[in-house]
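Below is one structure, written out as structure tokens; the observations come after it.
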Amino acid sequence: MLLHAKDSLRKMFSDQEIVIAMGSNVGDRVSTFDRALQMMKSSVTDQPRFLNSAIRGTTRLGPHELLKKLKEIEKDIGRTGGIRYGPRPIDLDILLYGSNLIDSETLIVPHERIQERPFVLAPLVDLLGTSTDDVVETSWHSLSKCSGGFFELWNKLGGESIIGTEGIKRVLPVGNRLLDWHERTLVMGILNVTPDTFSDGGKFQEVEAAISQAKLLISEGADIIDIGAQSTRPFAKRLSPKEELERLIPILDEITKIPEMEGKLLSVDTFYAEVAAEAVKRGVHIINDVSGGKLDPRILKVAAESGVPYVILHMRGDPSTMQSEKNLQYGDVCKEVASELYAQVRG
2 MLLHAKDSLR KMFSDQEIVI AMGSNVGDRV STFDRALQMM KSSVTDQPRF LNSAIRGTTR
62 LGPHELLKKL KEIEKDIGRT GGIRYGPRPI DLDILLYGSN LIDSETLIVP HERIQERPFV
122 LAPLVDLLGT STDDVVETSW HSLSKCSGGF FELWNKLGGE SIIGTEGIKR VLPVGNRLLD
182 WHERTLVMGI LNVTPDTFSD GGKFQEVEAA ISQAKLLISE GADIIDIGAQ STRPFAKRLS
242 PKEELERLIP ILDEITKIPE MEGKLLSVDT FYAEVAAEAV KRGVHIINDV SGGKLDPRIL
302 KVAAESGVPY VILHMRGDPS TMQSEKNLQY GDVCKEVASE LYAQVRG
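Heads up, the working numbering is the position in the sequence shown plus 1, with the first residue counted as 1.
Right, dumping it as structure tokens:
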């Protein structure tokens, strides 16, 4: 999950009265003063919004080796120093390194300002899901001088109540766009090109009928067209990737040409890696997987390498077993579904 953070420095400090001495004895001194004043007004806070995120992974590099590598990446991307907290193309900070406490001239871990930065904590708690016994959380407890874990620190800063306010928003990168979750609700139009879907099976298998339906959905307000070429209703017969692509490709090739799709998004409803990869090549912006990678784990790699959003749905079993008594047993439905979905995200 990404955060679009504006005026990040202002959130760290309240307004303070300051006094700055100015001096000049070279050139047009008054003009120099005027220029300095104008630059002060625009410095640091008058800058593009920051896009913030967080990742977790593993490394065999030592902490200082890792820092060196990250600085090399920053330099390669185009960061050349500049004003602290000022504009930069990329900023890579080590927040945690295992359960190690590091305090050197060049590196302090855990990062010393995690607890006061909502734009760092927000993506961090997204990574942790609802787990307070995550290894990242327990490492923080053992190393930090702050009382409370990440969730407590996040809630002290306002937690979810500040998302969508104070310049911090959740966004989703799709192509070269950022979809703002707080701007408005997006409408998805479902286009089933199957003969056996329980709701509208057989209606839109032909290319002409499918394109006509897509145009209708867009005219009625759809922002996203989700195309499914394989039914996942209970007890549906499973197609092979080849059979699914034979249904999907002719419609995909035509729908991407119609002017009504300008500014709209295409989603493919599939659980096959092969189908997802081909759909993305043909212009699809989103992969929508009813199985969350359970039916074809290779789809996770396709999603990662293609750089498109990957929507994970909850499923127990598969279409042939999802209605079995075992798969219908829930205590707390919301909690169990959330927990099982997060386990899929974590892999």
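Cβ atoms here follow ideal geometry from the backbone N, Cα and C, with glycine treated the same way. Computed from a prediction, not measured in an experiment: that's the story for all the values here.
Please state whether DSSP places V334 in a helix, a strand or coil.
helix
Output the boundary residues of the alpha helix (DSSP H) element that contains P242.
P242 to I256
Could you check whether I287 and P310 sit closer than 7 Å to each other, using their CB atoms as the reference points?
A distance below 7 Å separates the beta carbons of P310 and I287.
Rounded to the nearest angstrom, what separates R178 and T233 at their Cα positions?
30 Å
Going straight from the alpha carbon of S143 to that of T59, what length do you get?
19 Å
Boundaries of the alpha helix (DSSP H) in which V281 is found, first to last residue
A274 to K282
Tell me which residues share the same chain as T195 and place their Cβ nearer than 8 Å to its Cβ, disregarding the 5 neighbours each side in the sequence.
G202, G203, Q206, G229, A230, Q231, S232 and R248
Specify the secondary structure class of L296 as computed by DSSP and reduced to three states.
coil
Are the beta-carbon atoms belonging to R239 and A274 less than 7 Å from one another?
Taking 7 Å as the Cβ cut-off, R239 and A274 do not qualify as a contacting pair.
Counting C-beta neighbours from all protein chains within 10 Å, is the total for A305 16 or more, i.e. buried, or is it exposed?
A305 is exposed by the Cβ-count criterion.
Could you tell me which of A339, K327, I226 and K72 sits nearest to M262, measuring between CA atoms?
When the alpha-carbon of M262 is set against those of A339, K327, I226 and K72, the nearest one is in I226.
Exposed or buried, what is I78 when buried is set at 16 or more other beta-carbons lying within 10 Å of its beta-carbon?
Label assigned to I78: exposed.
Using the Cα positions of V110 and D92, report the straight-line distance between them to the nearest angstrom.
Their Cα atoms are separated by approximately 16 Å.
Can you tell me whether A280 is buried or exposed, with buried defined as 16 or more other CB within 10 angstroms of its CB?
Classification for A280: buried.
Quick check: G284 and T257, are their CB atoms within less than 7 Å of each other?
yes
Beta-carbon separation (whole angstroms), W141 vs G150, contact threshold 8 Å
6 Å
Residues in its own chain within less than 6 Å of E301 by CB, not counting five upstream and five downstream?
According to the sequence provided, residue 301 is Leu. The question's Glu does not apply to it. Taken in chain order, the residues that qualify are G294.
Pick from I259, I250, V31 and M316: whose alpha carbon is nearest that of F272?
M316
Answer yes or no: do G222 and V188 have a C-beta to C-beta separation smaller than 7 Å?
Yes.
So is V291 buried or exposed if we call it buried at 16+ other beta carbons inside 10 Å?
buried
Touch check for the segment 112-125 and the segment 152-164: three-plus C-beta pairs under 8 Å?
yes
Minimum length 3: unbroken beta strand (DSSP E) runs contained in the segment 154-228
169-175, 178-181 and 189-193
Closest Cα partner of F407 within the set V172, K72, Q324 and A211:
Examination of residue 407 is not possible in this model, given that the chain is present from 2 through 348 alone.
Of the residues K327, Y343, S241 and G159, the one placed nearest D297, counting alpha carbons only
S241
L267 - partner residues in DSSP beta bridges:
I226
Same chain, Cβ closer than 8 Å to L62, five either side skipped, listed in chain order:
K70
Start and end of the beta strand (DSSP E) containing F51?
F51 to N53
Rounded separation between F236 and N328 - CA only:
14 Å
Is the distance from the Cβ of V276 to the Cβ of L314 below 7 Å?
Not a contact, by the Cβ cut-off of 7 Å.
Using the C-alpha atoms, what's the distance from L180 back to V334?
29 Å
N101 by DSSP, collapsed to three states: which one?
coil
Do H112 and D94 have their C-beta atoms closer together than 7 Å?
yes
Cβ-Cβ distance between L97 and L68 below 7 Å:
no
Whose C-beta lies closer than 8 Å to the C-beta of I219 among residues of the same chain, with five residues either side of it excluded?
Leaving aside the five residues that flank I219 on each side, the residues in its chain whose CB is nearer than 8 Å to its CB run, in chain order, G190, I226, E261, M262 and K265.
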